[in-house]
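With the numbering used here applied, the sequence shown covers 58 to 291.
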Amino acid sequence: MRIREDWKVEWFRLCAREKERVSEILAQEQTICVGRVKSIDLEEYAVSILPKLRFHEDCEVEWLILEASEEEHVSEILAQNQKIYVGRVKSIGLEEYAVSILPKLEIHEDCRIEWLRLVANRKEYVEPILAQSKPIYVGAVKNASLGGYAVSILPRLRIHGDNIMEEFILSAAEEQIPDILEEGDSNIELGRIRLGGFHVPEEVRRKLRYTLVDGEGKEVLEGERKRRRSTRSN
């Protein structure tokens with residue numbers, strides 16, 4: 058596969074359900090140029106070739122989507138020490154075992170993530186992250202959505218301090234977040250979030266430390282928040 062460095066690719070999607078489909082790529086040392094790609098979607102064993110992909114230096118990726126249903130799909134990435142530089146990525150979506158490689162991803166230092174979406178329907182999908190105590194720096198994030206057991210990695214995430222999230226969504230059953238519920242009250246730092254974009258179960262809210270702000274970035278005090286909720290319900 059050869060793509061010229063100056064070519065524009067709207068959607069780069071690879072799915073490999075057998076390791077043999079990607080073994081030749083994994084065995085070679087050279088990287089694969091994918092040009093100016095707009096969106097990348099790698100599924101199953103195809104996720105393992107992510108370190109081999111090389112993007113144009115000024116390429117801005119709209120979406121990086123990784124889906125892996127088996128641990129073997131990401132085992133080679135987890136085994137390596139170096140980070141995977143993915144450049145200027147606007148939005149990241151990781152599903153199932155792919156969530157576990159979040160600490161391996163390195164984006165451009167001045168890049169703000171539009172959407173960070175993490176979904177894991179089994180605990181084993183996130184155990185590689187839970188097994189380590191190192192924080193995961195995700196920089197500035199505009200919107201974040203964590204579903205299922207992915208919510209349990211929230212204490213590991215570090216979001217840029219000078220940041221306002223437009224939306225912050227947590228969706229999980231109580232049995233998927235026992236570690237979160239065992240955290241001390243106001244123990245997990247989130248920063249500033251728009252009042253209308255904060256969607257978190259009540260039992261989890263008290264574990265979080267956050268500031269709700271209005272459209273101008275000004276803090277909305279508790280009494281004002283209750284008044285606005287009452288107005289909306291009426």
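From the three backbone atoms N, C-alpha and C, an ideal C-beta is built for every residue, glycine too.
Here Tyr206 is actually not in contact with Asn244; their C-beta atoms are around 19 angstroms apart, not less than 8 angstroms.
Of the other Cβ atoms in all chains shown, 16 or more fall within 10 Å of the Cβ of Ala125; this residue is therefore buried. Distance from Ser148 to Ile164 at the Cβ level is roughly 11 angstroms; contact not present, criterion being Cβ atoms closer than 8 angstroms. Within the same chain, Cβ atoms closer than 6 angstroms to the Cβ of Leu175 are found at Leu151, Val156, Leu203, Ala207, the five residues on either side in sequence being excluded. With a threshold of 16 other beta carbon atoms within 10 Å, Ile89 falls short and is exposed. In terms of CA proximity to Ile97, Cys72 leads the group Cys72, Ile82, Arg266. Secondary structure note for Arg262: its alpha helix (DSSP H) is the uninterrupted segment 259–262.
The alpha-carbon of Trp120 is positioned some 17 angstroms away from that of Glu166. For Asp98, the enclosing beta strand (DSSP E) stretches over residues 89–101.
DSSP places Ser132 inside the alpha helix (DSSP H), whose first and last residues are 132–136. Gln87 sits exposed, since fewer than 16 C-beta atoms from the chains shown fall within 10 Å of its C-beta. If the five residues before and after Val146 are omitted, its C-beta is found closer than 6 angstroms to the C-beta atoms of Val118, Leu121, Ile164, all from its own chain and listed in chain order.
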